[in-house]
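Residue numbers (the numbering used here): 1399 to 1679.
Laid out in structure tokens, this is it:
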């Protein structure tokens, strides 16, 4: 075998190696870069209560399937190569707020804009000159509920059928408490969604302001409760939902956060749920 033939064989083998090995190496480098880009800690909080189709079940455990919101977060984290680092929790509102303020939570899934929890977090920015790119994953309605036959009515502007000293039931430290006070209503703040709803059913609170995801799900699955409580339409307010992040995480992992928000938006848009997410092209 002459030297030119040997050089040709070596060159061909080298080309084959480059064709097959280099893409694999590039993929490994990309995966390693993504893994290095993951925050050191990823503690993600989800709502404790049901919010179909976004969250299923109630309490600290995740059901199977857990709901769209959990699926979207898991898929987006998997795309970033960071799923294995994530710790996911379901927390009641009061404990969630305390943990955010103590720096013990990095992300909160299902945050309504304009509420006290959202005020502690960074939310995705609206993009485009007119805000035409929307990173919200859904929309929540805040609705009034009252005991059937109570005579309480709501026309979209004012409540009627209430005594002068009556208070509107809300869940403490949520958007409903802020919204009721903005309307000039005296409030009866309960520690949880469940206790606020049961106070109306027991007649201890004449009317309740609550986001419809929780209340409607409870009424749907509890015929006895549905026989006691009715919705008062129209909705008092409608707000968009987001995945918010702690300011410290945004500052320390901005590129990761922006990638994750885009990945979440794509998940929401692909699911064709009721989300408003419109990612940039």
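Each residue gets a CB set at the ideal place from its N, CA and C atoms; glycine is no exception. Model, not experiment: these values are computed from the prediction.
Taking the continuous alpha helix (DSSP H) assigned at residue i, which residues delimit it?
i            : result
residue 1485 : It is not in any alpha helix (DSSP H) - residue 1485 instead sits in the beta strand (DSSP E) that spans 1484-1489.
residue 1469 : 1466-1477
residue 1574 : 1573-1580
residue 1655 : 1652-1669
residue 1595 : 1591-1599
Here's a check: name, in chain order, each residue in its chain whose Cβ is nearer than 8 Å to the Cβ of residue i, leaving out the five neighbours to either side.
i            : result
residue 1437 : 1480, 1483, 1504, 1647, 1650, 1651, 1654
residue 1564 : 1584, 1604, 1605
residue 1559 : 1548, 1549, 1550, 1551
Comparing alpha-carbon positions, which option in the options lies nearest residue i?
i            : options                : result
residue 1567 : 1522, 1592, 1506, 1624 : 1592
residue 1548 : 1445, 1628, 1634, 1632 : 1628
residue 1476 : 1662, 1558, 1676       : 1662
residue 1544 : 1613, 1520, 1620, 1449 : 1613
residue 1442 : 1455, 1450, 1494       : 1494
residue 1608 : 1618, 1578, 1488       : 1578
residue 1552 : 1514, 1632, 1451       : 1632
residue 1524 : 1435, 1598, 1659       : 1659
residue 1460 : 1451, 1474, 1486       : 1486
residue 1478 : 1500, 1469, 1657       : 1657
residue 1621 : 1531, 1586, 1599       : 1599
residue 1446 : 1500, 1611, 1596       : 1611
residue 1450 : 1457, 1458, 1464       : 1464
residue 1556 : 1619, 1634, 1532       : 1634
residue 1542 : 1444, 1668, 1675, 1636 : 1636
residue 1554 : 1576, 1452, 1630, 1590 : 1630
Along the chain, where does the beta strand (DSSP E) that runs through residue i open and close?
i            : result
residue 1438 : Where residue 1438 is concerned, there is no enclosing beta strand (DSSP E), given that its DSSP letter is neither H nor E.
residue 1586 : 1585-1588
residue 1503 : Taken as a continuous stretch (DSSP letters only), residue 1503 belongs to no beta strand (DSSP E), as it is neither H nor E.
residue 1346 : The chain is shown only over 1399 to 1679; residue 1346 falls outside these bounds and no answer can be derived.
From the DSSP secondary-structure annotation, give me the bridge partner or partners of residue i.
i            : result
residue 1627 : 1545
residue 1445 : 1489
residue 1378 : This structure leaves residue 1378 out entirely; the chain is present only between 1399 and 1679.
residue 1552 : 1557
residue 1637 : 1538
residue 1520 : 1643
residue 1608 : 1541
residue 1374 : The structure shown does not extend to residue 1374, since the chain is modelled only from 1399 to 1679, so the question has no answer here.
residue 1507 : 1641
residue 1453 : 1449
Alpha carbon to alpha carbon, how far is residue j from residue i? Give it in angstroms, no decimals.
i            : j            : result
residue 1430 : residue 1510 : At residue 1430 the pLDDT is 41, less than 50, meaning the model places this residue with poor confidence and gives no usable figure here.
residue 1440 : residue 1471 : 12 Å
residue 1462 : residue 1580 : 39 Å
residue 1626 : residue 1641 : 34 Å
residue 1512 : residue 1677 : 22 Å
residue 1601 : residue 1500 : 37 Å
residue 1617 : residue 1488 : 21 Å
residue 1675 : residue 1597 : 36 Å
residue 1562 : residue 1435 : 57 Å
Verify the CB distance criterion: does residue i have a CB-CB separation below 9 Å to chain C?
i            : result
residue 1621 : In the structure shown, chain C cannot be found, because there is only a single protein chain.
In its own chain, which residues sit with a C-beta less than 7 Å from the C-beta of residue i, not counting the 5 before and 5 after it?
i            : result
residue 1665 : 1470, 1473, 1474
residue 1571 : 1491, 1492, 1495, 1514
residue 1594 : 1567, 1568, 1569, 1588, 1606, 1608
residue 1455 : 1448, 1461
residue 1639 : 1508, 1509, 1510, 1534, 1535, 1536, 1537, 1538
residue 1522 : 1533, 1640, 1659
For residue i, which residues in the same chain have their Cβ closer than 6 Å to its Cβ, ignoring the five residues on either side in sequence?
i            : result
residue 1644 : 1504
residue 1586 : 1565, 1567, 1603
residue 1458 : 1488
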